[in-house]
Amino acid sequence: MYGRNRCGKIFNFILNKKILIIYGINPLYEAIKYKKKIYKIFIIKNIYNNNYKLKKIIEFSKKKKIKIIEKINFKKFIKKNHQGVFAFINPIKFSKIENIIPNIFFSGKIPLLLILDSITDVRNFGSIVRTSACTGVDAIIIHNYNIVNSDSIKTSSGGLFKVPICKENNIIKIIKFLKNSGIQVIAVTEKTNYICYNINYRNPTAFILGNEEKGISKNYLSICNNTVKLPLLKNSLSSLNVSVACGAILYEAIRQRSLY
27 MYGRNRCGKI FNFILNKKIL IIYGINPLYE AIKYKKKIYK IFIIKNIYNN NYKLKKIIEF
87 SKKKKIKIIE KINFKKFIKK NHQGVFAFIN PIKFSKIENI IPNIFFSGKI PLLLILDSIT
147 DVRNFGSIVR TSACTGVDAI IIHNYNIVNS DSIKTSSGGL FKVPICKENN IIKIIKFLKN
207 SGIQVIAVTE KTNYICYNIN YRNPTAFILG NEEKGISKNY LSICNNTVKL PLLKNSLSSL
267 NVSVACGAIL YEAIRQRSLY
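So the working numbering is basically just the index in the sequence shown, starting at one, shifted up by 26.
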């Protein structure tokens, strides 16, 4: 069990190195898969070690001579769903959308992007990233970089290591850049009469998803190519959770593209 001095040393190490703690078997496995810099791995005593991914984590750490600290109880150190493992890694690096777009077109792929307008809930963000990783989203553009943290890495199940995240201060400028690059920008909002199934997503597309409470900014709505909404049954709730709406619209895009 960690004493107070050892916990202090660990937190000083984190602050000095400016690194992240990640926890859970899947996020750590994905970090290894995508060759992220890993400093230390912590494994709880008597952990069930027949898990394939956990075995790969241990094999990798031995091969790369990454220090494994085990035979400890860190439940009091970190109150998360850690599944018996956590590690220190480098922070997520942000990308520039201006550099990504030419590469997508050059590869012959039809761009599929997300723009997140002030999403604040790390669990929503993590779920959006996880779905994006499963549906081939090329990049996610955000303004609030504070949501890229240990909790969103865990919720994304390591998807944050796969999908490029672009932190942009001027979203209006980015929307105009995407439109000028031949990418249609579609706002997903309940404040419209257009059903999402009536738009062609086989074209290069960027979806905008709005804040959990306020939705999408009027400034962004005014310059989008189109606005769409997901159909809701009569007498149902007035809106969907943003991560659920994200999944629905992305899979509609995948459905359309898979037919051609």
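For every residue, glycine included, the Cβ atom is placed at its ideal position computed from N, Cα and C. What you are looking at is a predicted structure, and each value in this text was computed from that prediction instead of being measured.
Rounded to whole angstroms, the gap between the alpha carbons of Cys-192 and Ile-154 is 14 Å. Just measuring C-alpha positions, the residue of Ile-141, Pro-257, Arg-156, Ile-280 sitting nearest Gly-184 is Arg-156. In this structure, Ile-166 and Ile-48 do not form a Cβ contact; the two beta carbons are roughly 18 Å apart against a cut-off of 8 Å.
Boundaries of the beta strand (DSSP E) around Val-214: 210 to 214. Of the other Cβ atoms in all chains shown, 16 or more fall within 10 Å of the Cβ of Glu-56; this residue is therefore buried.
Per the DSSP secondary-structure output, Tyr-49 pairs in a beta bridge with Phe-112. In the displayed model, Phe-203 falls within a helix according to three-state DSSP. Between Asn-245 and Ile-200 the beta-carbon gap is near 12 Å, outside 8 Å, which marks them as no contact. Taking all protein chains in view, the Cβ of Tyr-227 is crowded by 16 or more other Cβ atoms within 10 Å, so the residue is classified as buried.
Take the alpha-carbon of Ile-64 and the one of Val-111: they are about 13 Å apart. Taken in chain order, the complete alpha helix (DSSP H) segments of 4 or more residues contained in the region 228 to 279 are 244 to 247. Counting every other CB atom within 10 Å of its CB across the protein chains shown gives Thr-253 a total of 16 or more, marking it as buried.
Put simply, the backbone Cα of Lys-61 is about 42 Å away from that of Leu-258.
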